[in-house]
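Throughout the sequence shown, residue numbering follows my numbering, covering 4 to 378 in sequence. For each residue, glycine too, the CB sits at the ideal point set by N, CA and C. Computed from a predicted model, the values in this text were never measured in an experiment.
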Amino acid sequence: MKIQAEWMRGGTSKCWVFESAQLEELQASPDVLLPRLFGSPDHRQIDGVGGATSTTSKAMILHRPQAGDVDVEFTFAQVGIEEAAVDWGSNCGNCSAVVGLYAIEKGWVVPRGDVTRIVTRNTNTGQIIIQRIATPDAGLPAEPLAEMPGVPFPGHQVGLGFLDPAGKTTGRLLPSGAATDALTVGGTTWNVSMVDAGAPVVIIRAEDLGLDPEAYESWFGGVELLLQTLERIRRQAAVRMGLAATAGEAARAIPKVAIVAPPSSTDQGSDAGIMMLSMGKPHPALAITGSIALTLAARTPGTVMHRFLGGFASPTLRLRTPAGVIETWSEERDGSLLVGVERTARTIASTTIHLPETLDIKAPKAGASLAGATR
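Structure below.
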């Protein structure tokens with residue numbers, strides 16, 4: 004079997020981009036097809052196209068609607084590495100940045116003016132993301148020069164605006180109904196905020212975990228020692244947020260975990276220090292869907308973020324991450340809240356992926372289908 008795909012970088016993630024019609028032609032469940040394409044289960048993904056990390060084992064499946072007010076629909080798949088599984092429960096904000104660029108490069112959208120506006124819908128969550136791509140002289144630059152933290156090379160400038168992002172997964176910005184909740188794990192009670200915007204996120208103060216806000220550079224090592232505790236907190240939060248019936252049934256991808264603190268006394272360039280966990284490990288940069296949740300948490304009285312920010316009122320929020328400072332913005336537009344961030348994106352390769360005719364892999368759950376995953 005063969006399938007055409009684009010290998011693209013979006014923000015600080017890489018993903019393989021497929022068109023839904025081409026995947027459907029293979030007549031295989033995506034829960035079987037994608038792990039085999041990526042080389043899972045195998046921690047190296049040696050016999051597939053996966054990158055063997057949570058930020059590079061990702062797929063985007065694009066669909067071009069025939070009519071309506073959306074230019075492109077897309078479905079995000081977080082492909083397991085050591086297990087032959089696909090998590091469809093959330094979106095990837097970084098990979099979302101490739102959608103508009105793909106649409107222009109493939110002729111789905113015609114560039115207009117110096118900035119082209121593309122309306123996209125993520126089918127995992129129903130989230131509308133308005134993308135604004137730099138198209139000087141009504142075209143993509145041959146050599147894009149936009150830069151961003153966490154990526155050493157330039158790409159195409161992509162602005163992402165999440166339209167009314169609150170509650171897209173659980174139905175409410177604060178799924179438990181409270182700005183702060185107490186979760187007890189191993190005899191210790193943790194005060195956390197659980198927020199659903201962009202993606203469901205559980206927010207924990209760094210100091211409560213024994214991490215020093217004045218020594219952000221030391222967090223990575225400290226967090227590595229706390230992974231088991233953080234996973235237990237995350238799974239309890241999944242139940243409290245209504246994402247799982249039991250802690251054992253919690254999905255790997257959501258809720259995400261964000262460790263937060265005020266900036267150090269010498270850090271004049273950020274409003275908060277952030278470290279997020281992705282698929283059980285420290286994220287090397289920042290999950291963009293998580294940054295949307297943090298932005299709304301900063302605006303919501305009573306949350307962990309709002310308390311240490313002291314009643315945040317700025318339209319922008321500067322987040323210190325392992326890759327540098329990422330700035331988000333929020334504004335009311337035509338009666339709706341738009342929360343956004345700037346990313347860059349680039350196509351790395353256009354290729355044909357070869358697959359065995361027989362997909363020898365663990366069978367998916369009953370009822371899994373490409374149509375169900377992408378609509």
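Proximity winner among the options, relative to residue i (alpha-carbon distances)
i	options	result
E462	C95, H159, A254 and P152	Not covered by the structure: residue 462. The range shown for the chain is 4 to 378.
H286	A261, V205, R47 and A240	A261
A253	R12, V226, A264 and E234	E234
G314	P304, L280, G201 and A288	P304
D421	K259, F311, F79 and R115	In the structure as shown, the chain starts at 4 and stops at 378, and residue 421 therefore has no counterpart that could be examined.
A55	V20, G293, L340 and S16	S16
D184	A106, V205 and F165	V205
P68	D167, D50 and E22	E22
T187	T232, P216, G174 and E220	T232
T306	S179, F165 and S339	S179
A290	R237, N94, Y105 and I64	N94
G213	A182, V263 and F165	V263
E217	V82, I277 and W91	I277
F165	E227, S294 and W19	S294
L65	S99, I49, S43 and S57	S99
R255	S57, R47 and S196	S57
G245	G174, P147 and D45	G174
S268	P139, D215 and L104	D215
Spatial distance of residue i from residue j (CA atoms)
i	j	result
S1	V242	This structure cannot speak to residue 1, because the chain is shown only from 4 to 378.
V102	T191	43 Å
L177	A247	16 Å
I84	P152	26 Å
A62	A296	22 Å
P266	P38	40 Å
W111	V161	17 Å
L322	L29	43 Å
W222	I207	13 Å
G13	E27	24 Å
A202	L312	21 Å
L143	A137	7 Å
P367	T298	The predicted model places P367 with a pLDDT of 42, which falls under 50 and marks its position as unreliable, so this point remains unresolved.
T319	D337	19 Å
G170	E335	17 Å
G370	T128	Confidence at G370 is low in this model, with a pLDDT of 43, below 50, so its placement is unreliable and no value can be given for it.
W193	A209	11 Å
T31	L362	The question names Thr, but residue 31 is Ala in the sequence shown. Distance between the alpha carbons of A31 and L362 is about 9 Å.
A71	E220	The sequence shown places Gly at residue 71, rather than the Ala named in the question. Answer to the nearest angstrom: the Cα atoms are 48 Å apart.
L341	L230	33 Å
Y105	G343	20 Å
Those residues which DSSP pairs with residue i across a bridge
i	result
W111	DSSP lists no partner for W111.
A80	A62
M197	V205
I132	T123 and F165
F21	I64
I356	I6
A70	A70 pairs with nothing; no bridge assigned.
D50	Beta-bridge pairing links D50 to no other residue.
G13	S16 and A348
Residue i CB to nearest heavy atom of the ligand FMN below 6 Å
i	result
L166	Questions concerning the ligand FMN fall outside what the structure shown contains, since it holds no ligand whatsoever.
Mind the definition here: the segment 314-333 touches the segment 270-288 only if three or more C-beta pairs lie below 8 Å; say whether that holds. Touching, yes, given that three or more Cβ pairs across the two stretches are closer than 8 Å.
Could you tell me which uninterrupted beta strand (DSSP E) segments, each at least 3 residues in length, are contained entirely in the segment 271-315, listed from first to last along the chain? 275-281
Which parts of the segment 199-264 are runs of the alpha helix (DSSP H), unbroken and 4 residues or longer, counting only runs that do not cross its ends? Those alpha helix (DSSP H) runs which fall completely within the segment 199-264 and span 4+ residues are 222-227 and 230-243.
Are the segment 5-24 and the segment 343-360 touching, with three or more C-beta to C-beta distances below 8 Å? yes
At a cut of 8 Å, does the segment 38-53 reach the segment 112-122 through at least three beta carbon pairs? no
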